[in-house]
Every structure is written in C-alpha cells, then in structure tokens.
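K.L.:
The numbering of the sequence shown is my numbering, which starts it at 1156 and goes up by one.
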Amino acid sequence: MHMQDWIEIDPFYRQEMALRKAILANHRSTVIGRVGGERKRGESAEGRGGDAGEWEGERVREGEGEWEGERVREGEGDWEGARVREAEWELLHMLANFLPSRYPDIFSLSHCRLHNHATGDSFDLSDTSQDPLEIISQLIQEDVCLMIPCSTSSTSPSSSSHPSTSSPSTTPPLYLVSGAVLFPNGWILPEKLGLPTAQIHGPVPLYESTISRAVNKFLNNLQPGSPFSRSNWTITDDPRLFRPISEASYASLVQLRANMGESSQQTLEQGHPAEGQAQEQPQSDEEDPITVENAGWKLFTRSERETFVRLPETGAVLFTIRTHMKPLRVFSGRRQLAADVAQAMDALPSEMRWYKMIGGRLADVAREYLLRCSQGIV
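Structure, rendered in structure tokens:
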C-alpha cells in the first residue's frame, strides 16, 4: 500500500459522518476508550488538572465487571497514560497534514485550525483539552485502534495460559491501548482494551493455531513509512454499520445460528440500531423470507479495508478499519467477481463460515444468487 492510499473518502462521506456524530452523541463510552479511562473535562493531554468535572467516559480495569484476562494497565511497562495520549495526538497531527494534501476540496489547515468543509466543523489543534479520538472520529470514515508492544512481566499475570504472550525469547505482544470504533461488527471496544492481539482475536476460529505468532511478528517488524493493507469480508442480512455486541452474546448468537441452521441476524442479535438508518426491526424470515429472487436487495456484503501504520514518533502501531456496506445486487453484471466470491464462500472452513454468520440458508441463498450473477442471469 502506498501512503497516498491510506485514508479513503467516498460519495457516502457526508452521510456517514452524520451517522458517526449521532453515535458519538449517544454511545460515546461504547465507541471511544483508552487504557486508564477518559480524561476529565478540561484536563490537558500533558497531565491531570483543570476542571474537576464529570468523567466523560468509563474506566476499564482488569477484573471490573466481567472483564477478565491479561490486560496492560496505565503505568505498566514503558507505556503510561500520557504516552498513550501522545500517540493519539501524533495520529491527529498526521491526519491534519495528510488530509488537506490528499483531499484539498474537503480539508484545509490554517493557524493550527483544521477545517472540514464537507461537514462545516473546525477543530483547534492547539487546544489539548480536547479528546483527539473524538476529533479523529469526525474527520474520517475509518475506525482507529492504537497498539503498543509491552514485554513487562507485570502485564502477564496469567501468561502461562496464553502461549502467545511474551517471554525473554519471544517477540513481545502488542496491546490495544486506545481506540475509536464507531462501526463495530459483533464486538465492543471496552471488552478489548488492554488485551494483547492474541486475546483480542480469541473468538476467531483457527487464529491462535494458524496465524497468531505470524501476526505478532509482522506487527512488531512494521516500520514507519511502510504501511500495509488487507481486506476482510462477510455477507449479512443486516445493513447497519453500528453493530456492537459483547463477546459472550456474539458467541451465543453464532452457536444459536449454527444449531438452527438458519435465522435472521437482525431479529436475534442485541446490538443497537445505528442512528440515521432504519430503526424498525425487520420482519422475520417466515413473514418475509429471503429468496434468490430478492437476495440482491435483502443481503449485503460487509467488507473491511484494514491498514497498519507505524507512527514514527511514539512507535505505536495504528490499525484502521474502513467499513463498506453494499447490497448483493452490485454483483449483477460483474460475472467474474461474483464467481470469485461464490468460490471464496465454498473455500471457507465450516467454523469460519458460522463465525462470519454466513452459514445455513443465508449462505445457500447468497451463493445461488452469486452463481446466477456469474452466469449473467441477473
């Protein structure tokens, strides 16, 4: 990936930025967080102080509520809360330099003030009492996560049960220390904060046994100026971009769908509907079944373009997630692409197919529709 292709802006930019603002207003503590919790209102990035008002978010600590497992905490290793915030501001400053150059019709920078001409927002980058993650969320369609390596033994109280965690002879794991994830798909940020990559991906079938160590090595070897991108995809009957679901609820949902063989994601899951999109629950499959004839309108491809960038000053690894949601009818007239996706569905291991929620009848209907597209029938 060339750095010029780092951030994408498409024709849905204004619509999605309005949606992101609504999500920030209503679900901020679910979508923005950092190790050590949120700053108090009026507190600068350099340290605590200012107005002793209400906390703007929630603290996440090991053992709090149902959060369990191995977590890095503020002040452990070489990474303190101030350095986490330093990485957040480094990212914001990178965007402030990148966006006006890459998209001059939308962004401009003048006297430490970044202007978003598409939304009418303007941000004073010299005001360090602001939350940089909140500003970033109002600039780009990408979700962002910041990860840092940490090899201190104090972060591994249960390392014996996690073979991918660090030891003197292994590559140190990276921990998720900060993020703004407004378009989650079946997970929530507070559950993942402070965890190493292996535990973050714990629910993903085959991850630990096949690619966990390779991913950890790749992330540690990532160099500034050498970004990387990859893609992820699924097929769904739920067009909502905002789908926060706890890990336990998602696991139960996967098992339920696997046991039933077919069901509507929308009627079973407990995620919040995204603001700006249809709020009513759809009819059940029995009342309005998804068929090959209507699959082009009722099924969607949800793809994620993921990028990895090493920040040059703090050394944090930035992980971005750019979500694209398109109806299956986009494959009409694209015969080879439709055939490729159908083949990719067939190649998925069974456990991965169910994890992606494309098993049972939904998968059968989607595959048949794609095959018809590949044959030029639709």
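C-beta: ideal position from N, C-alpha, C; glycine also.
Could you check if Pro1379 is buried or exposed, using at least 16 other CB atoms within 10 Å of its CB as the buried criterion?
P.N.:
Exposed: under 16 other Cβ atoms inside 10 Å.
K.L.:
In terms of DSSP beta bridges, what is Glu1459 paired with?
P.N.:
According to DSSP, Glu1459 bridges with Asn1387, Thr1478.
K.L.:
The alpha helix (DSSP H) spanning Ile1291 covers which residue range?
P.N.:
From DSSP, the alpha helix (DSSP H) with Ile1291 extends over 1287-1292.
K.L.:
Looking at Pro1304 and Trp1244, is the spacing between their C-beta atoms short of 8 Å?
P.N.:
Not a contact, by the Cβ cut-off of 8 Å.
K.L.:
Less than 8 Å between the beta carbons of Ala1251 and Leu1269, yes or no?
P.N.:
It is a contact, given that the beta carbons lie within the stated cut-off.
K.L.:
Assuming the contact rule is C-beta atoms closer than 8 Å, Ile1518 and Leu1483 should be a hit. Round their C-beta distance to whole Å, please.
P.N.:
It should be noted that the sequence gives Ala, not Ile, for residue 1518. Ala1518 to Leu1483, Cβ: 12 Å. No contact.
K.L.:
For the alpha helix (DSSP H) that Ser1263 lies in, which residues bound it at each end?
P.N.:
First-last for Ser1263: 1262-1265, but that is the beta strand (DSSP E), not the alpha helix (DSSP H).
K.L.:
Within 10 Å of its beta-carbon, does Asn1181 have 16 or more other beta-carbons around it, so buried, or fewer, so exposed?
P.N.:
Exposed.
K.L.:
Can you tell me whether Ser1386 is buried or exposed, with buried defined as 16 or more other CB within 10 angstroms of its CB?
P.N.:
Exposed.
K.L.:
What residue does the beta strand (DSSP E) around Met1500 start on, and which one ends it?
P.N.:
From DSSP, Met1500 is part of no beta strand (DSSP E) but of the alpha helix (DSSP H) over 1490-1502.
K.L.:
Nearest to Cys1528 by alpha carbon, out of Val1186, Arg1489, Gly1191, Thr1478?
P.N.:
Selected option, being the one with the closest Cα: Arg1489.
K.L.:
Determine, using beta carbons only, whether Leu1374 and Thr1352 come nearer to each other than 8 Å.
P.N.:
It is a contact, given that the beta carbons lie within the stated cut-off.
K.L.:
At 3 residues or longer, and completely inside the region 1502-1526: list those beta strand (DSSP E) runs for me, N to C.
P.N.:
With a minimum length of 3 residues, no continuous beta strand (DSSP E) run stays inside the region 1502-1526.
K.L.:
Pull up the distance between the alpha-carbon of Met1507 and that of Ile1513, whole angstroms please.
P.N.:
Those two C-alpha atoms are separated by around 9 Å.
K.L.:
Measuring straight from C-alpha to C-alpha, what distance separates His1272 and Leu1294?
P.N.:
Between His1272 and Leu1294, the C-alpha separation is close to 10 Å.
K.L.:
How is the alpha helix (DSSP H) around Val1239 delimited, first residue to last?
P.N.:
Its alpha helix (DSSP H) spans residues 1236-1257.
K.L.:
Taking all protein chains shown into account, decide if Gly1334 is buried (16 or more other Cβ within 10 angstroms of its Cβ) or exposed.
P.N.:
Gly1334 should be labelled buried.
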